[in-house]
Structure formats: C-alpha cells, structure tokens
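Enquirer: Okay, here's the structure, questions in a sec.
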Amino acid sequence: MFTYFKSAFKNAKPQLLITLIYALIAFAVIAVVYLLANFQLAKYVQTIAIYSQFGQKPPGDAYLKVIAVLLIAAVVSLFVLAQIFIGITNVMKRAMSHEKVKFTDLFIAFKKGNYLKSVLIGLVSVAMIIVLSLLTSLLYKLFSPVSEMIMNSVQSSYADSTHLVGIAITTQSIIIIVVLLIKAIITWLLLIPVFNIMTSFVESTNDKVKTHLANGFKAMKNGQKTFFKFFIGILLLNLIIILFKTPVGYLISFNTQSLSQSVAENIIRVYTVMTIILFVVIHAIILMGIVQYYLKR
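Take a look at the structure:
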C-alpha cells in the first residue's frame, strides 16, 4: 500500500529537502490565492444567505459578484495555478529521476512552447474540479437527510442518558468520517489522472497534449496491477487528516469550553496550525506517491 510512497522518498532522498522546500513555496502561493478567493466568495454568499433568511431579495449585484469570483478563480487556475502544479510535479519528478533540481524547474510550464499545452492541461484540471464540486455537492445532498435521520434517532433513543452528548458527538463524527472518506475516493479518482497528465507532460514536453491525456488515464491501470493497493494507501493517508480534523477537533473544542477564553484560543490556534501543516505534508506525500506511481508504470 505504501510501496510507491517509500520509493518516492528513497529516490528523492539526495534532494528531498530542497524538493520539499520548493514544493512548499509553490503550495504557499496556491494557498494564498485559494484563501483570498474563498474569503471573497464566502462573503458574497453570506450576504445572499442573510437576505434570504429574512425573506428579502438580495441586492441585484450579489449574484453577479459570486459569478465574478468564480470566473476569476477559474481563469487564475487555468492560466497560473495549473502551471504552478505542473512545476511542483516537475520538481518531484526530477528529484525521483536523480536529475538536478533547480528553483527554475517550478516554471517549466511558463516556458515558450510549453505554455499553451499547459493551459490545455489546466483546462482538463478545471473541468475535473468542476465535476468534483458537482459530485461533492450531490454527495452532501444525499447524505444530509440520512445524517439528520440518524442523529434524530440517536437523540430520541438516548434522551434520558447522561452520556447523550458523548454518544451524539461520536455518532456525528462517524457520519462525517464516512462522508469525507467517500469524498476522498471521488476526489482522488478524478485528480490522479490530472497529476498523471502533468507528470507525462514534464517527462516529455514535446509530445502532443492528447498523448499526455491518454497517458494520464492509461497509467492508472499500471502494468503491475497495483493500483488498488496504491489507492488504499492514499485513502489511509487521507484518513489521518480526517481523524485529526473531526474527532480530534471535536475533543479539543469540547474540552476547551471549561478553560479561560485566552487559553482556549491559544490551544485552538496551535491546533489550527498543526492541521494546516499536516494537510500540506500529507498532500505533498500523496503527490510524490502519484508521481512515483506514474514513473514506475
């Protein structure tokens, strides 16, 4: 299950530190853009929700602002972020192939002759993200009534129990974990081909885009028939993040209620920073594993 992840670190070991530093710098740029877009989107959506809650019609430009943010995010993803991801993939691929890693390797997609191809690859990436968003939305809609029914059943069954709060939190945590695992399955089934396409591109930039697209999907099959085990490994790594965000998050939130506000805020800040670091590290490991999986196809 973790063979490819171990191989990735072993092969990149001579340049592992510099590879991770370059990757983290690129991830930081992507994170800043994402947070800015998410902040603006949340602000406009919240405005619409507040007006709707009181039965009022939102301002005429409210929906236009939401559409504008989404369009800008799509354009930036297509013309900048996809290229940065290709750069991260290139750095990892070079390290695993025992090639000299340089900071300029992050900008391979911006080079003359590569950029147009990278935009087309970015188009596929954006399309996959749109499909992912639609499937995720559908998943939450399907599970929302089921989750509500289960929680109502638990509350009515254990209404007189002194452990009601603990049982309710445990049940809710299990539901969230199940939903997030299903989301992870959908996410990586869509994103693995995207990263395969990017790896194919940095491996041979002279090939046509359709060749990279074919390689991206074909590489999932793998001649060694190890995809299932590899995929389980990805899900287990995702499970670490899910467990840290859900049960651990609930425990910290619940146990800080009796503490002073300043102490509770400091604990939550530390937990938030640890969650972000864990998220970035785990996803960097997963991406390295995907690149290694492609290279050993």
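Sequential numbering of the sequence shown, starting at -17, is according to the numbering used here. Glycine is no exception: its CB is placed at the ideal position from the N, C-alpha and C atoms.
1. Between which residues of its own chain and Lys203 is the CB-CB distance below 8 Å, once the five residues before and five after are set aside?
2. Check the C-beta distance from Val273 over to Met(-17) and give it rounded, since I have them as a contact under 8 Å.
3. Determine the direct distance from the alpha carbon of Ile179 to that of Val73, and round the result to whole angstroms.
4. Decide yes or no for the touch test of the region 158 to 174 against the region 220 to 235: beta carbon pairs closer than 8 Å, at least 3 of them.
5. Between which two residues does the alpha helix (DSSP H) harbouring Ala266 extend?
6. Considering only C-alpha positions, which residue in the set Ala166, Lys200, Ile54, Phe92 is nearest to Tyr70?
7. Which complete alpha helix (DSSP H) runs does the region 7 to 73 hold, if anything under 4 residues is left out?
8. Could you check whether Tyr276 and Ala196 sit closer than 7 Å to each other, using their CB atoms as the reference points?
9. For Tyr97, collect the residues of the same chain with a Cβ closer than 8 Å to its Cβ; drop the 5 residues on either side in sequence, then sort them by chain order.
10. Please state whether DSSP places Asp189 in a helix, a strand or coil.
11. Would you identify the three-state DSSP class for Val83, choosing helix, strand or coil?
12. In the DSSP assignment, find the unbroken alpha helix (DSSP H) run with Phe125 in it and report its ends.
13. If you draw a straight line from the alpha carbon of Leu2 to that of Met133, how long is it in whole angstroms?
14. Would you kindly report the start and end of the unbroken alpha helix (DSSP H) that includes Ile90?
Expert: Let's see:
1. What you label residue 203 is simply residue 221 of the sequence shown in a count that begins at 1. Same-chain partners within the cutoff: Phe209.
2. Locating residue 273 in the sequence shown gives position 291, counting from the first residue. Locating residue -17 in the sequence shown gives position 1, counting from the first residue. No, Val273 and Met(-17) are not in contact; Cβ-Cβ is about 17 Å, not under 8 Å.
3. As a first step, residue 73 is located in the sequence shown; it is residue number 91 there, counting from the start. As a first step, residue 179 is located in the sequence shown; it is residue number 197 there, counting from the start. Computed Cα separation, rounded: 15 Å.
4. Segments in contact, yes.
5. As a first step, residue 266 must be located in the sequence shown, where it is residue number 284. Following the DSSP letters along the chain, one finds Ala266 inside the alpha helix (DSSP H) bounded by residues 243 to 277.
6. Residue numbering aside, residue 70 sits at position 88 when the sequence shown is read from its first letter. One detail in the question is off: residue 70 reads as Ile in this sequence, not Tyr. Checking every option, the nearest Cα to that of Ile70 belongs to Phe92.
7. The region 7 to 73 contains these whole alpha helix (DSSP H) runs: 44 to 58.
8. Along the sequence shown, one-based indexing puts residue 196 at 214. Along the sequence shown, one-based indexing puts residue 276 at 294. In this structure, Ala196 sits away from Tyr276, with a CB-CB distance that is not shorter than 7 Å.
9. One-based indexing of the sequence shown puts residue 97 at position 115. Gln65, Ala91, listed in sequence order.
10. For this step, residue 189 is matched to residue 207 along the sequence shown. Secondary structure of Asp189 (DSSP, three-state): coil.
11. Taking the first residue of the sequence shown as position 1, residue 83 is located at position 101. Looking at Val83 - three-state DSSP - the assignment turns out to be coil, as it is neither helix nor strand.
12. Counted from its first residue, the sequence shown places residue 125 at position 143. It spans 97 to 139 - the alpha helix (DSSP H) in which Phe125 sits, taken as one unbroken run.
13. What you label residue 2 is simply residue 20 of the sequence shown in a count that begins at 1. What you label residue 133 is simply residue 151 of the sequence shown in a count that begins at 1. Rounded to whole angstroms, Leu2 to Met133 spans 43 Å at the Cα level.
14. Reading the sequence shown from its first residue, position 108 is the one you call residue 90. Neither: Ile90 is in no alpha helix (DSSP H) and is coded neither H nor E.
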